[in-house]
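For reference, the structure discussed in these notes is given below.
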RNA sequence: GGCGCUAUCGUCUAACGGUUAGGACAGAGCCCUCUCAAGGCUUAAAUAGGGGUUCGAUUCCCCUUAGCGCUACCA
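In my numbering, the protein residues as written are 176 to 643.
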């Protein structure tokens, strides 16, 4: 049984890179009939916040993919400690009683592997000092043989090897008794029977340590697949401090993205179905997803200060917006609008205007005139209305439409063209001016479609009103 | 510094060692047209550099360069 896990640590909002990792895990599981485990890796009590937990759930819920099982690492401390005990008893770990090195001293150029004198402590002395309450860090006893090689096969990056002598004696337990990420993560992966680990490439080199832990713990070694990172246009890792809200998935929700279109966009960063397809349904993504399509180089999220949204994401959102089933779209646009009396006309209108929108927000902003009783006339549209005679003729058209027995696009068009001909103006003048009068916008669907969207009463009222 | 990973248009990407190096977004132009989109057509735009291997390298190998990651009692 295939089991994957997504294990965010609640120290910030849901990062778009994390979201993509979650999506790839989800797709892989769905593709192969597996189980998705969501696990909060909250062993760092100093940095965890409830706000972060909330924001991660916010983001995940918005993506609307779901998961099958949920765990919190902080509930599983006993398991982690038992795992540490197992490794210590096997002689594969040792207690390090050295005092914590000051942060400034941790010189990254030193090539530090372990603290002197601690590996060699006899079990008796180690036990005694621990019993006496002397604080210690539990470290993995990395093999120091010249030729010892740690290896694993990565689903994306292929065969990976590293000399054990290049791996430091990393910590398993902190001096406060809490497990480190490496220990907690591996112990949980074993206990939760995770068969496939899919995560960011920032863990690629950590995996050598994890292989050592898995070996020490026994049981089946999960398979690994690492994902290229999402980076900023300047090549740097995306960070909130440096790049702002573009790194948080909730930003895209708040920008009026359709959840699925954002999922679709994220999938295209670092993965390709290899057949030039871009707009894909959820099922198409599931069917096409595999490690073969994953790239090995980092992908840039294309944003700038002037346009904080990746233009391709915006384009893709527009594509989904105008092609998705109308009935799925209606409930997503309705909440931002006042109640619409005529359900049938609402459907018709949404369908008409969505053709040129790229965000869910557009319905209440650019499309305000279609859905609200009050709306402003866009300043850039005014000159269409201020053509010679336009306002007067529009008002006359309104009066004529009051008289017609039946209100339809064809009849409105006939009336408008007849009036234009009688007064010797081009029909285009009245057509464009009426779009402005009816919606406040110079741009939009065919003007006669607009007549239907707005409806007889409001059409007449708005046409007559422009004379003032 | 050590170790690891990566390198195709501005961006996302495609190309069993043999292609005029393809597609998409963004840009420019044209068509369509009641406006704006959409759509169609056209255009500009890339194999980091140097060595090999090969009849032939975007593709395989090496070096250089650049970027990223790990190198914590963070995850």
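Note that beta-carbon positions come from the ideal geometry of N, C-alpha and C, so glycine has one too.
Just so it is clear, the structure is predicted and the values come from calculations on it, not from any experiment.
Whole-Å CB distance - residue i paired with residue j, under 8 Å assumed
i, j, result
"residue 130", "residue 492", "The requested residue 130 is not part of the displayed model; the chain covers only 176 to 643."
"residue 434", "residue 237", "6 Å"
"residue 584", "residue 624", "7 Å"
"residue 474", "residue 444", "4 Å"
"residue 180", "residue 212", "4 Å"
"residue 641", "residue 592", "In fact, because the Cβ distance is near 19 Å, the residues do not count as touching under 8 Å."
"residue 214", "residue 248", "7 Å"
"residue 504", "residue 531", "That pair is no contact at about 14 Å."
"residue 495", "residue 458", "Actually they do not touch by this definition, with Cβ atoms about 14 Å apart."
"residue 216", "residue 182", "5 Å"
"residue 178", "residue 210", "5 Å"
"residue 587", "residue 626", "5 Å"
"residue 246", "residue 367", "7 Å"
"residue 562", "residue 594", "Residue 562 to residue 594, Cβ: 14 Å. No contact."
Own chain residues within Cβ distance below 8 Å of residue i, not counting five before or after
i, result
"residue 512", "538, 539, 546, 547"
"residue 319", "339, 340"
"residue 638", "569, 570, 572, 573, 576, 609, 612, 613"
"residue 598", "564, 568"
"residue 517", "630"
"residue 377", "404"
"residue 189", "183, 230, 231, 233, 234, 235, 423, 424, 425"
"residue 390", "396"
"residue 208", "177"
"residue 487", "440, 443, 477"
Beta-ladder partner(s) of residue i, from DSSP
i, result
"residue 371", "179, 398"
"residue 207", "In DSSP, residue 207 forms no bridge with anything."
"residue 245", "213"
"residue 406", "412, 475"
"residue 469", "446"
"residue 271", "312"
"residue 335", "327"
"residue 423", "190"
"residue 348", "313, 354"
Close beta carbons around residue i, own chain, < 7 Å, minus the five adjacent residues each side
i, result
"residue 427", "437"
"residue 508", "525, 535, 538"
"residue 417", "411"
"residue 449", "468"
"residue 527", "620, 624, 628"
"residue 304", "272"
Given residue i as reference, the closest of the options once Cα atoms are compared
i, options, result
"residue 456", "225, 467, 292, 240", "240"
"residue 544", "303, 515, 405", "515"
"residue 352", "410, 243, 254, 386", "254"
"residue 431", "510, 302, 206", "510"
"residue 607", "487, 559, 403, 325", "559"
"residue 206", "213, 461, 416, 410", "461"
"residue 288", "342, 566, 333", "342"
"residue 330", "521, 599, 203", "203"
"residue 380", "327, 363, 419", "327"
"residue 355", "521, 556, 258", "258"
"residue 482", "596, 215, 420", "420"
"residue 334", "520, 506, 382, 479", "382"
"residue 291", "232, 602, 274", "274"
"residue 358", "447, 242, 626, 256", "256"
"residue 187", "231, 465, 286", "231"
"residue 325", "635, 385, 520", "385"
"residue 581", "336, 632, 286, 594", "632"
"residue 268", "301, 406, 446", "301"
"residue 635", "489, 579, 224, 601", "579"
Same chain only: Cβ atoms within 6 Å of residue i, ignoring 5 sequence neighbours per side
i, result
"residue 309", "272"
"residue 388", "361"
"residue 365", "392, 394"
"residue 317", "339, 342, 344"
"residue 542", "528"
"residue 243", "210, 211"
Fill in: Cβ pair count under 8 Å reaching 3, the stretch 614-624 against the stretch 544-556
yes
Worksheet item: Between the stretch 437-450 and the stretch 499-511, do three or more beta carbon pairs fall short of 8 Å?
Response: no
Discussion item. Counting beta carbon pairs with one atom in the stretch 395-404 and one in the stretch 205-223, are three or more of them shorter than 8 Å?
Written reply: no
Worksheet item: Would the stretch 330-350 and the stretch 308-317 be scored as touching if the rule is three or more Cβ pairs under 8 Å?
Response: yes
Worksheet item: Counting pairs of beta carbons, one from the stretch 361-375 and one from the stretch 296-306, are three or more of them closer than 8 Å?
Response: no
Worksheet item: Quick one: any contact between the stretch 413-429 and the stretch 466-473, if contact means 3 or more CB pairs under 8 Å?
Response: no
Item to complete: Would you check if the stretch 198-207 and the stretch 256-268 touch, i.e. whether three or more CB-CB distances between them fall below 8 Å?
Response: no
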